[in-house]
Amino acid sequence: MNILEILSYGFIQRALLAGTLIAVLCSVLGVFLVLRRLSLIGDGLAHVTFGSTAIALAFKLYSAASLLVSLPVVLLASLGILKLTEKARLSGDAAIGIVSAVGISAGIMLASVGGGYNVDLLSYLFGNILSITYEEVLIAAGLFCVVMLLLGLFFNDLLAITFNEGLARVSGVRTNLINAVLVMLTALSVVLAMKLVGIMLISSLLILPAVSALQLARSFKACIALAALQGCCSVVAGIFVSFLTNLPTSATIVMLNLLFFGASCGLRRLLGAKSSS
Amino acid sequence: MPVEIVATEGLGCSYREGCVLEDISFTVTAGDYVGIVGPNGSGKSTLVQALLGLVPVSSGAARLFGSRCDGFNQWGRVGYLPQSLHLLNPVFPATVAEVVGLGLLSLKSFPRRFTRHDRNTVDALLEELGIYDIRTKLIGELSGGQQQRVLLARAMVNEPELLILDEPTAALDPETRQRFYQMIADINRTRGVTVLLVTHDTGVIGQHASKMLYLDKRMLFYGSFEDFCHSPEMSSLFGEHSQHLMCHRH
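Chains as they are written, first to last, in the numbering used here: chain A, 10 to 286; chain B, 156 to 405.
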């Protein structure tokens with residue numbers, strides 16, 4: 010089967026379109042999160058998404074309709090993480106751990122009350138981008154535009170707080186607001202990425218492109234661009250490879266990201282050795 | 156009449172472990188170069204952080220340019236170089252030019268975008284501080300002295316009227332340290348920038364600063380270096396021999 014034949018399938022087209030948009034979002038946000046040592050926030054929010062999806066399914070809201078519940082719940086949870094770190098004097102990882110555990114517990118309880126796990130809920134654990142619907146692609150495109158617009162508007166503020174929060178405050182950056190913007194953008198992206206890689210693997214989409222880009226980037230903007238490029242490549246290649254080999258798409262995307270990370274580390278060593286010789 | 160830049164009245168700061176600063180009252184006027192000195196844990200960094208609103212004030216009041224510090228928003232008039240250089244992430248992927256450019260954010264309103272003019276401003280300052288050649292290098296790849304210069308450039312790029320430097324020479328060797336102090340003195344003299352500089356080098360800062368503020372949780376001295384050297388209170392605090400050494404290193 011050649012590439013054109015594969016591309017002729019509607020589900021492949023939808024997966025490629027939504028997948029690349031989500032990959033760009035996660036990769037770009039991942040750079041800020043990794044540098045701010047909030048790498049695991051994606052994991053925590055994914056667990057909350059699991060809980061919120063269980064609520065949605067209990068109300069018979071499936072696929073795109075489940076976002077009506079997930080989006081507000083995960084946005085609130087992201088602000089909850091922020092408030093816990095500010096008010097309860099917790100470190101970021103502890104706050105993420107609390108919200109994460111509460112999210113997954115709520116999901117398990119609701120699933121149990123609702124008559125046990127069903128196929129829909131389990132599909133959120135490991136993701137299934139090939140089953141993405143036309144409505145979900147439209148929602149992904151809409152949210153992609155919103156997140157990218159906000160990222161563009163707040164880019165320099167985000168860079169400033171990522172570099173040093175104290176310095177950013179003395180430069181007039183409203184750090185509380187920008188922190189809230191960052192976690193809420195992450196929440197939006199995590200909800201979108203659920204269908205792509207699922208709860209178990211969502212962190213990889215936020216972390217791996219970012220840490221690979223950090224190996225090679227020679228400026229902050231280059232780092233963002235490299236991370237986005239890797240995110241896109243891993244999703245596109247992952248969809249084709251999984252289609253041809255009949256492997257699970259989400260796991261294939263993660264493994265390809267790991268491969269890119271290894272290659273980036275190798276390339277960095279090679280370039281380092283060259284410049285020092 | 157001299158213009159008031161910084162003023163505190165009975166300023167106090169407390170953390171959970173107790174009082175860090177108590178009853179600090181002083182005024183800094185335009186063009187002053189104030190060296191803030193004192194032993195470890197004396198509250199020097201807390202004092203400048205309180206002035207910048209980075210730590211809460213538990214008693215008294217502080218003003219910057221006549222505005223209370225807790226509501227201060229004229230950040231374009233202030234440049235700040237923090238103490239915690241070691242907290243900089245060594246893998247942070249920003250270039251020198253990108254880091255210095257962030258200092259211009261205080262002059263921008265939403266959305267804070269940089270222009271070609273901003274890039275030229277950054278380049279001109281890097282040239283002036285002798286670090287233009289490293290403008291495309293990553294901040295984490297620089298030596299301590301170079302990083303210090305870059306962060307000084309970041310603090311100065313908005314052409315502030317007040318420069319607050321918190322132990323800027325801690326990571327520098329004695330020769331680079333001396334050059335750094337000289338550079339700050341030149342900035343103070345030629346640009347008329349008011350400087351508050353926190354340091355351990357009581358003797359060295361005395362060569363450059365117009366005023367000394369000696370802290371040990373309370374303000375023990377505030378005045379000229381000459382007065383510091385002849386102060387009986389300082390003499391009894393340090394002992395005559397130590398005071399002589401501090402005052403005659405130059």
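Note that the Cβ used here is the ideal one computed from N, Cα and C, for glycine as well.
Chain A within 8 Å of residue i, Cβ atoms only
i: residue 177 of chain B; result: no
i: residue 235 of chain B; result: yes
i: residue 365 of chain B; result: no
i: residue 261 of chain B; result: yes
i: residue 267 of chain B; result: yes
i: residue 209 of chain B; result: yes
Rounded distance between the beta-carbons of residue j and residue i, thought under 8 Å
i: residue 309 of chain B; j: residue 257 of chain B; result: 6 Å
i: residue 317 of chain B; j: residue 233 of chain B; result: 5 Å
i: residue 332 of chain B; j: residue 345 of chain B; result: At roughly 21 Å, the Cβ-Cβ gap does not stay under 8 Å, so residue 332 of chain B and residue 345 of chain B are not in contact.
i: residue 87 of chain A; j: residue 192 of chain A; result: 4 Å
i: residue 78 of chain A; j: residue 64 of chain A; result: 5 Å
i: residue 211 of chain A; j: residue 23 of chain A; result: Contact flag wrong, Cβ pair sits at about 20 Å.
i: residue 28 of chain A; j: residue 248 of chain A; result: 6 Å
i: residue 202 of chain A; j: residue 15 of chain A; result: With 8 Å as the limit, residue 202 of chain A and residue 15 of chain A do not qualify as a contact, their Cβ atoms being about 23 Å apart.
Inter-residue Cα distance where the pair is residue i and residue j
i: residue 174 of chain B; j: residue 372 of chain B; result: 8 Å
i: residue 282 of chain A; j: residue 105 of chain A; result: 39 Å
i: residue 62 of chain A; j: residue 244 of chain A; result: 24 Å
i: residue 149 of chain A; j: residue 205 of chain B; result: 45 Å
i: residue 56 of chain A; j: residue 220 of chain B; result: 49 Å
i: residue 329 of chain B; j: residue 355 of chain B; result: 13 Å
i: residue 231 of chain A; j: residue 166 of chain B; result: 45 Å
i: residue 192 of chain B; j: residue 236 of chain A; result: 45 Å
i: residue 207 of chain A; j: residue 189 of chain A; result: 24 Å
i: residue 211 of chain B; j: residue 178 of chain B; result: 15 Å
i: residue 49 of chain A; j: residue 134 of chain A; result: 16 Å
i: residue 204 of chain A; j: residue 198 of chain A; result: 11 Å
i: residue 349 of chain B; j: residue 343 of chain B; result: 6 Å
i: residue 237 of chain B; j: residue 243 of chain B; result: 11 Å
i: residue 13 of chain A; j: residue 270 of chain A; result: 29 Å
i: residue 405 of chain B; j: residue 358 of chain B; result: Reliability of the predicted coordinates at residue 405 of chain B is poor, the pLDDT of 48 falling under 50, and no value is obtained from them.
i: residue 41 of chain A; j: residue 319 of chain B; result: 28 Å
i: residue 317 of chain A; j: residue 335 of chain B; result: Here chain A has residues from 10 to 286 only, and residue 317 of chain A is not among them.
i: residue 83 of chain A; j: residue 111 of chain A; result: 12 Å
i: residue 25 of chain A; j: residue 100 of chain A; result: 37 Å
i: residue 249 of chain B; j: residue 387 of chain B; result: 50 Å
i: residue 164 of chain B; j: residue 182 of chain B; result: 9 Å
i: residue 246 of chain A; j: residue 139 of chain A; result: 14 Å
i: residue 353 of chain B; j: residue 339 of chain B; result: 12 Å
i: residue 98 of chain A; j: residue 172 of chain B; result: 15 Å
i: residue 221 of chain A; j: residue 378 of chain B; result: 54 Å
i: residue 267 of chain B; j: residue 260 of chain B; result: 6 Å
i: residue 276 of chain A; j: residue 115 of chain A; result: 44 Å
i: residue 285 of chain B; j: residue 313 of chain B; result: 18 Å
i: residue 228 of chain B; j: residue 47 of chain A; result: 29 Å
i: residue 327 of chain B; j: residue 264 of chain A; result: 45 Å
Cβ of residue i within 8 Å of any chain B Cβ
i: residue 172 of chain A; result: yes
i: residue 278 of chain A; result: no
i: residue 227 of chain A; result: yes
i: residue 44 of chain A; result: yes
i: residue 223 of chain A; result: yes
i: residue 274 of chain A; result: no
i: residue 35 of chain A; result: no
i: residue 232 of chain A; result: yes
i: residue 15 of chain A; result: no
Next item on the list: Could you pull out every unbroken alpha helix (DSSP H) segment of at least 4 residues lying fully inside the segment 120–181 of chain A, listed in chain order?
Entry: 128–135, 143–172, 174–179
Checklist line | Where the segment 373–398 of chain B meets chain A: residues whose CB sits under 9 Å from a CB there | finding: none
Check: Along the segment 148–181 of chain A, what residues have a CB closer than 9 Å to any CB found in chain B?
Finding: 161, 162, 163, 164, 165, 166, 168, 169, 171, 172, 173, 175, 176, 177, 178, 179, 180, 181
Note to self: Output needed in chain order: residues of the segment 242–258 of chain B with a Cβ under 9 Å from some Cβ in chain D.
What the structure shows: The displayed structure is made up of protein chains A and B, and chain D is not among them.
Check: What are the start and end residues of each continuous alpha helix (DSSP H) run of 4 or more residues lying completely inside the segment 348–405 of chain B, in chain order?
Finding: 357–363, 380–385, 387–393, 395–402
Note to self: Which residues of the segment 215–232 of chain B have a Cβ closer than 8 Å to any Cβ of chain A? Give them in chain order.
What the structure shows: 228, 230, 231
Checklist line | Against chain A: residues of the segment 276–294 of chain B by CB proximity under 8 Å | finding: 291, 293
Note to self: Please give the ranges of any alpha helix (DSSP H) in the segment 47–135 of chain A, keeping only runs that are unbroken, at least 4 residues long and fully inside the region.
What the structure shows: 50–67, 76–96, 101–122, 128–135
Checklist line | Completely contained beta strand (DSSP E) runs for the segment 215–278 of chain B, where each covers 3 or more residues | finding: 233–236
Next item on the list: At 3 residues or longer, and completely inside the segment 189–239 of chain A: list those beta strand (DSSP E) runs for me, N to C.
Entry: none
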